[in-house]
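Chains as they are written, first to last, in our numbering: chain B, 979 to 1286; chain X, 632 to 1391.
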């Protein structure tokens, strides 16, 4: 299990992580979401022992990570760079990592390599960006570590390759309870691969929970209320709706139709609106992308505000 | 726990082996360069020694073509050797590139290694790549040297074998130091430009700062101090690769010839041991510093120009110190230096800050550095250079000393500068001279001087001489001092040197050279000039040699066989070794061969020479035709007033209360020669070797122009009592014969004799 306890990481005066508490159970496919500079890559670098936290704890299976060889041996980190292996051939790169990871499987490596048809003896700097990604992913999987950390893992992969790589990851997770942490801006992919996700903003965790339950807890609601005795449309403000006990993430009105994004399960939402006798109450589940946008909007990170 | 430890160990080993495997290209390049370097240089040098041997053996053969073939090989060897040395920087940059290249940081830091394992494995794998080819190259060179030395007949090169091993060890230690300092510099930096720049800066700055501090010390305490002293100090040579190069250079050119000449001075062993101990300690210190700084270094620091900002200020503070201290120590205005340094400082601030963010802090750093420089220089000045110039090594700690007079002097031959005197009397006399010079300078008021005005004395002349002593201590240190002293102060030193065995060996060899080269007479009667005594004496030549009488005029020319020359050499050495200080003072000169005198008391030499010199015929003497400005002919003159310059340093002239006068100037100091100099009259002089003066003296009779030569019996008596060797005695008159002098000591009898000579 991975645990971050009140973890703080600063880069000079900039606080990249500000008291982060996070738990990731073993065997989880965990997605790290967040705005740019939210601290996703910093968490991955802390978990792979590259960075040392300024305060708090970063633990894997109860042991601190930084400078801990036996823990680091069970973690493989794939970052968003593709230039570092330029001078290597795939074979040399394989042999390089094979030295450090005792569970490295030649068989897994060969199977995966053949699946994506990567040349063994060509220098990696002659590969395309996507091929470089594939190369390091198959090496990461062949190392057979307990934890695989991927920073912008699918960046540069074509749609077909994305499917193949995702399948590789899913297979590994199913085969040997691999814990995968994926940081990505591509929420669709997180949605497809991960079962749990956390949203980070300004170095803090906004939420961390299972994606399915997350989706069931945030709803896009279209609601129409009856007119007044004078025949005029009823005018409710965001505060009027919030007074019902719902947490409103987004509030918009067009003519007599209200578009509301609110937190809470279906029954709670229905119960909140019932006293107002809505003529129409339609609840649509949100995509992860919509949850991301609306959650951050609440925190003041919306495209309108930024463009202003 | 055990499993973890063994896993840790195996990961270190894996990292080490992986690094070696990953860098095998540079290993191969280094190996090729090393094999083309030192072994080729060794082979070429041995070939050149062999060719010079053949040239002596078969002088008629032409060896120019052979030289034309081997010289390019020598250049190739030197070139590749230099590049292979430089690879220490390249290897360190390659091995620790993740400290300054952002894209590869994650790859290295995420591997299952802790920072210590990563650093140590990388350090030692790089070291192997750099040093193993060098060790193979050194071993190959030694094999070439050993096998090559067997074909060289004239010189037993195996005598130098221990020194060769020491030089090889010094080379390897110097290389390790270069590699370690380069890594230390990289650990401080987070970008490629700063890493390369810092390696160069640190390598240059360490010796420069030490030299500049030394310069500040000797400027503050200039009396007798010699700047070159620092160059042989372990502080300078053992602390940086540049220092190591200087040490290897000095050691090679001093110790190697000494070992070939069987001159087994403990000084060299101590010097080497001291150097290598300090150098190894310094390398370990640099390694420990790099290791610790790397431990505290964060992965995210990569891409910052300087990971430890203090390092930037140390480098630039050191640069500013070097530039400004040179200005201050030289007594120049430091304002241009401050402006120059300020411009450089701000340019570097702009580069390293990558802009003008918080730029207001830049002047603060610069001002603090400038204040620091002034404080260091001021502290040196305040402490009188930490009292360095007052220190004289105790005679008991000195293993050998060299003593040098500026150019050929009338006291000692210049060439004795190369003799390392181990004679205890010489060492005692030199340290005593040193102490007296120091006392007279620093306790000026304890001594009385009679001052004169040489401008009002027509025949007065300065009787001072610049001397330099180099002490080699048992601890392997070299202490050098340089003073200007009146000749009378050299009486004990000269007596001790001339009665030492080392001088006897030197002078007997010189007298043998004198004979085979016609006593230095031009043109030589032997129509040749020999530079190799041993090979000349192996020939069957007969050597014609003019022998000069006491007046330094040719008395006769005689021929000697090689065997006779060897006998004369042996006899002369024996006589010199038997000579006491009082013999030297009392005896008169029998004859000269070249400029080396044979005393009346040298019975062995006289017998070996086998000549009977005719008495001096006074009728053949030619009257000095001119005056004070001429050294022609023969004249008897009044011995002039002699004095020495009591120089006063500029600072002392400004503050007479502090130290009213100083005496005997040092080499480095700032003197006001116009108003503040005073001249102290001397009573006695030291004059031992003939020196062809290019001017005469005033005539004896009350400085008038009476130079008429009087041929009478008193002249014969005067020539009889006159002697060219005067040691701490006062002459009353001087006989000048074609530029060479004999002195008549001031005694009532001699004064009476002179009066009689002039009256008749």
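Cβ coordinates follow ideal geometry from the N, Cα and C atoms, glycine included.
Model, not experiment: these values are computed from the prediction.
Under the DSSP assignment, residue 1183 of chain B falls in the beta strand (DSSP E) whose first and last residues are 1182–1188. DSSP places residue 1112 of chain X in the strand class (E or B) of the three-state scheme. Note on geometry: alpha-carbon atoms of residue 1024 of chain B and residue 1233 of chain B lie some 50 angstroms from one another. With a threshold of 9 angstroms between beta carbons, residue 1053 of chain B makes contact with chain X. Listed in chain order, the alpha helix (DSSP H) runs fully inside the segment 1093–1137 of chain B are 1107–1120, counting runs of at least 4 residues. Residue 1052 of chain X sits away from residue 1036 of chain X, with the two beta carbons spaced by 9 angstroms or more. When secondary structure is reduced to three states using DSSP, residue 1353 of chain X falls in the coil class, being assigned neither helix nor strand.
Less than 9 angstroms divides the Cβ of residue 1098 of chain X from the Cβ of residue 1114 of chain X. Residue pairing of residue 1231 of chain B in beta bridges, as defined by DSSP: B:1236.
DSSP links residue 1277 of chain X through a beta bridge to X:1309. For residue 1029 of chain B, the nearest CB of chain X lies under 9 angstroms from its own CB, placing it at the interface with that chain.
The beta-carbon of residue 992 of chain X is placed no less than 9 angstroms from the nearest beta-carbon of chain B. Residue 1096 of chain X: member of the beta strand (DSSP E) spanning 1095–1104, first to last residue.
In the DSSP assignment, residue 1011 of chain X falls outside any beta strand (DSSP E) and lies within the alpha helix (DSSP H) extending over 992–1013. Residue 1319 of chain X places its beta carbon 9 angstroms or farther from that of residue 1353 of chain X. Taken through DSSP and simplified to helix, strand or coil, residue 1209 of chain B comes out as coil. Residue nearest to residue 1005 of chain X within the set X:899, X:1239 and X:952 is X:952 (criterion: CA-CA distance).
Think of a sphere of 9 angstroms around the beta carbon of residue 649 of chain X: the chain B residues whose beta carbon falls inside it are 1073, 1074, 1077 and 1078, in chain order. In this structure, DSSP gives residue 773 of chain X a helical state, which the three-state scheme calls helix.
DSSP, reduced to helix, strand and coil, places residue 838 of chain X within a helical segment of the structure shown. The C-beta of residue 1045 of chain B comes closer than 9 angstroms to at least one C-beta of chain X. Counted as a single uninterrupted DSSP element, the stretch harbouring residue 859 of chain X is not any beta strand (DSSP E), since DSSP gives it neither H nor E.
The three-state reading of DSSP puts residue 1176 of chain X in strand, counting E and B together. Residue pairing from DSSP places residue 1228 of chain X in a beta bridge opposite X:1223.
Here residue 1087 of chain B is buried, its C-beta having at least 16 other C-beta atoms within 10 Å. When DSSP reads this structure, residue 1321 of chain X sits in no beta bridge, so it has no partner. Taking the C-beta atoms as reference points, residue 784 of chain X is found no nearer than 9 angstroms to residue 1166 of chain X.
Taking a 10 Å sphere around the C-beta of residue 1054 of chain B, we find 16 or more other C-beta atoms and assign the residue as buried. Here the alpha carbons of residue 1341 of chain X and residue 1250 of chain X stand approximately 10 angstroms from one another.
In the three-state reduction of the DSSP assignment, residue 1156 of chain B falls in the coil class. In its chain, beyond the 5 residues on either side, 1250 have a beta carbon closer than 7 angstroms to the beta carbon of residue 1223 of chain B. For residue 1026 of chain B, the neighbours in chain X by C-beta distance under 9 angstroms run, in chain order, 737, 740 and 741.
With respect to chain X, the C-beta atom of residue 1122 of chain B has no partner C-beta closer than 9 angstroms. The secondary-structure analysis by DSSP pairs residue 913 of chain X with nothing; it has no beta-bridge partner. Put simply, of B:1151, B:1162, B:1120 and B:1007 the residue whose alpha carbon is nearest the alpha carbon of residue 1133 of chain B is B:1162. When rounded, the separation of the alpha-carbon atoms in residue 747 of chain X and residue 726 of chain X is 15 angstroms.
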